[in-house]
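Residue numbers (our numbering): 1 to 597. All residues carry an ideal CB built from backbone N, CA and C; glycine is no exception.
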């Protein structure tokens with residue numbers, strides 16, 4: 001790569017002297033940190049969304065005025081350092097989960113910091129080719145975001161467009177282009193503001209500036225008008241009353257056997273309290289109670305035996321014995337749920353709760369008649385499949401009033417949080433990592449039928465990587481010819497100690513709801529517990545850092561968004577363009593040198 005920077009005078013009609021540029025070296029050092037600071041202010045916890053376009057101004061100024069007569073590698077390193085600091089502060093909540101994750105947090109911030117350097121290099125080259133700022137900036141930004149949404153499993157948190165989440169009319173274009181479309185708008189506005197500043201300082205190139213400002217203004221007005229039109233749609237009434245539980249139970253990777261049971265019992269109390277209320281409500285709505293990720297396990301995960309079954313080599317037990325064991329386990333699982341049903345019925349006595357989760361007291365499992373209960377239970381729960389090598393899943397289990405069980409296994413796992421890629425190659429390393437880092441991948445999306453509604457199951461990071469949730473909805477539509485009525489997502493964000501990571505996750509949920517035109521119902525332990533409508537608006541939520549529950553009555557949006565059909569193809573074009581501009585010129589120069597050498 002040719003790191004020799006060039007001033008932008010060939011495009012903007014002036015040439016600064018070498019002495020002037022060198023005298024501004026301190027200014028070059030400050031600009032990247034100005035970008036990092038303003039960018040951070042535009043997102044939670046401060047959430048000054050209006051400042052997001054302004055964040056690009058110091059960055060673009062830095063790109064324009066890199067020293068013309070010195071190699072710029074050290075300056076790119078300085079830019080990377082500022083970007084690294086932005087990501088380290090934005091995602092610092094990740095480090096709280098386990099000491100091992102301090103290294104993952106630093107590595108992730110360092111990796112994500114590379115993208116602003118890539119952005120600077122590509123925009124610089126596009127300017128050398130006379131591509132206008134108003135085109136080069138948004139296209140390159142979106143291309144970089146698309147790459148990071150795919151590379152190394154992808155991450156959508158802190159996308160530039162997420163800063164505009166409070167501005168409902170401006171973000172409705174996400175139903176066509178996803179979060180990328182809103183990021184494009186924000187970057188375009190930033191480029192226009194930069195051009196205005198540039199014209200004011202240098203008193204020239206007014207025609208080019210005017211063209212850029214008009215283009216950005218027309219685009220913003222078009223987005224606003226489109227949003228106004230889309231917000232006039234009236235979804236139909238649904239048939240569900242969904243209680244989303246969001247307590248704040250502290251969890252650890254390596255905790256004693258009693259702690260999951262304590263967590264289960266705490267949630268069981270809240271579940272029974274809420275279900276009693278739902279059972280007494282109108283019979284026109286089907287009651288549902290949703291528990292956050294892993295909170296329903298309580299030392300009693302759902303268990304099945306694989307078909308066909310391969311016995312472990314070092315175990316003398318037969319397949320029949322394994323199946324008998326699994327049947328007994330499933331019976332205990334069902335009876336525990338039946339005890340809760342008995343406790344939440346309106347006629348239940350105050351002492352009915354004592355028979356729930358009997359493993360705490362050693363009492364017998366009494367069971368209960370489920371004939372009168374109408375409440376469905378959807379809970380984040382471990383799932384174990386017995387086979388030659390047992391498989392453990394982060395699961396979402398659906399228990400009907402008749403205690404029939406269906407489950408979904410998490411498809412998209414957290415690298416270094418739920419699995420480590422090299423463990424399959426070097427099993428001996430398993431002794432060095434905490435329990436819970438060896439989960440299996442689920443097999444495709446799943447919907448649960450509740451009353452007349454169909455709920456798409458998602459778990460944790462699957463809404464924080466936008467393409468995963470969107471692809472799940474698309475696959476269900478293609479397979480079943482009907483869109484899910486809502487997305488139920490559960491998460492355990494207590495690891496993050498109420499940091500801004502939780503709020504970033506909530507904004508990802510908002511854009512998933514908007515991109516799919518499907519309500520998102522999120523139940524989080526120490527995380528986002530919220531009802532988000534199909535316009536990406538938060539209808540109700542448990543306040544950040546608090547514990548409680550909300551009752552959601554999601555409406556049904558029958559629209560199929562263009563984003564479901566189009567996908568992220570426009571952003572992919574920008575992404576491949578960014579890669580081409582970054583990689584091809586240096587390769588072509590090397591080829592020429594070899595030929596001439």
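How about residue i and residue j: do their beta carbons lie closer than 8 Å?
{"i": "residue 468", "j": "residue 516", "result": "no"}
{"i": "residue 555", "j": "residue 519", "result": "yes"}
{"i": "residue 123", "j": "residue 142", "result": "no"}
{"i": "residue 275", "j": "residue 153", "result": "no"}
{"i": "residue 90", "j": "residue 494", "result": "no"}
{"i": "residue 78", "j": "residue 29", "result": "yes"}
{"i": "residue 378", "j": "residue 396", "result": "yes"}
{"i": "residue 544", "j": "residue 512", "result": "no"}
{"i": "residue 292", "j": "residue 381", "result": "no"}
{"i": "residue 43", "j": "residue 223", "result": "no"}
{"i": "residue 414", "j": "residue 461", "result": "yes"}
{"i": "residue 386", "j": "residue 303", "result": "yes"}
{"i": "residue 562", "j": "residue 505", "result": "no"}
{"i": "residue 118", "j": "residue 144", "result": "yes"}
{"i": "residue 60", "j": "residue 87", "result": "no"}
{"i": "residue 492", "j": "residue 472", "result": "no"}
{"i": "residue 273", "j": "residue 345", "result": "no"}
{"i": "residue 83", "j": "residue 131", "result": "no"}
{"i": "residue 539", "j": "residue 533", "result": "yes"}
{"i": "residue 57", "j": "residue 212", "result": "no"}
{"i": "residue 156", "j": "residue 478", "result": "no"}
{"i": "residue 456", "j": "residue 445", "result": "yes"}
{"i": "residue 571", "j": "residue 133", "result": "no"}
{"i": "residue 598", "j": "residue 552", "result": "One cannot answer for residue 598 here, as it falls past the ends of the chain, which runs 1 to 597."}
{"i": "residue 442", "j": "residue 408", "result": "yes"}
{"i": "residue 105", "j": "residue 92", "result": "yes"}
In terms of DSSP beta bridges, what is residue i paired with?
{"i": "residue 599", "result": "Here the chain has residues from 1 to 597 only, and residue 599 is not among them."}
{"i": "residue 549", "result": "245"}
{"i": "residue 522", "result": "489, 530"}
{"i": "residue 458", "result": "489"}
{"i": "residue 331", "result": "Residue 331 pairs with nothing; no bridge assigned."}
{"i": "residue 398", "result": "378, 406"}
{"i": "residue 556", "result": "236"}
{"i": "residue 392", "result": "384"}
{"i": "residue 453", "result": "450"}
Specify, as a first and last residue, the run of the alpha helix (DSSP H) that residue i falls within.
{"i": "residue 592", "result": "569-596"}
{"i": "residue 110", "result": "101-128"}
{"i": "residue 198", "result": "174-202"}
{"i": "residue 153", "result": "Here residue 153 belongs to no alpha helix (DSSP H), and DSSP marks it neither H nor E."}
{"i": "residue 53", "result": "52-64"}
{"i": "residue 515", "result": "500-516"}
{"i": "residue 169", "result": "168-171"}
{"i": "residue 472", "result": "466-480"}
{"i": "residue 565", "result": "562-566"}
Along the beta strand (DSSP E) that carries residue i, what are the first and last residues, could you check?
{"i": "residue 304", "result": "302-305"}
{"i": "residue 406", "result": "405-409"}
{"i": "residue 379", "result": "376-386"}
{"i": "residue 289", "result": "286-291"}
{"i": "residue 448", "result": "447-450"}
*Given 8 Å as the limit, is there contact between the stretch 155-169 and the stretch 550-570, that is, 3 or more CB pairs closer than that?*
Segments in contact, no.
*Would you list, in sequence order, the uninterrupted beta strand (DSSP E) runs of no fewer than 3 residues that lie entirely inside the stretch 221-283?*
Within the stretch 221-283, the complete beta strand (DSSP E) runs of at least 3 residues are 240-246.
*Do the stretch 187-201 and the stretch 566-586 touch if we need at least three Cβ pairs shorter than 8 Å?*
Taking a contact to require three or more Cβ pairs closer than 8 Å, the stretch 187-201 and the stretch 566-586 do not qualify as touching.
*Counting pairs of Cβ atoms below 8 Å between the stretch 239-253 and the stretch 520-536, do you hit three or more?*
Contact between the stretch 239-253 and the stretch 520-536 is present: three or more C-beta pairs spanning the two stretches fall below 8 Å.
_Does the structure place the stretch 251-268 close enough to the stretch 227-241 that three or more beta carbon pairs sit under 8 Å?_
Taking 8 Å as the limit for Cβ pairs, the verdict is that the stretch 251-268 does not touch the stretch 227-241.
_Cβ contact (3+ pairs, closer than 8 Å) linking the stretch 445-464 and the stretch 283-292_ = Short answer: they touch.
*Taking 8 Å as the threshold, find out whether the stretch 225-232 comes into contact with the stretch 169-182 through three or more Cβ pairs.*
Taking 8 Å as the limit for Cβ pairs, the verdict is that the stretch 169-182 does touch the stretch 225-232.
*Is it true that the stretch 254-263 meets the stretch 206-217, where meeting means three or more beta-carbon pairs spaced less than 8 Å apart?*
Too few Cβ pairs lie closer than 8 Å, so no.
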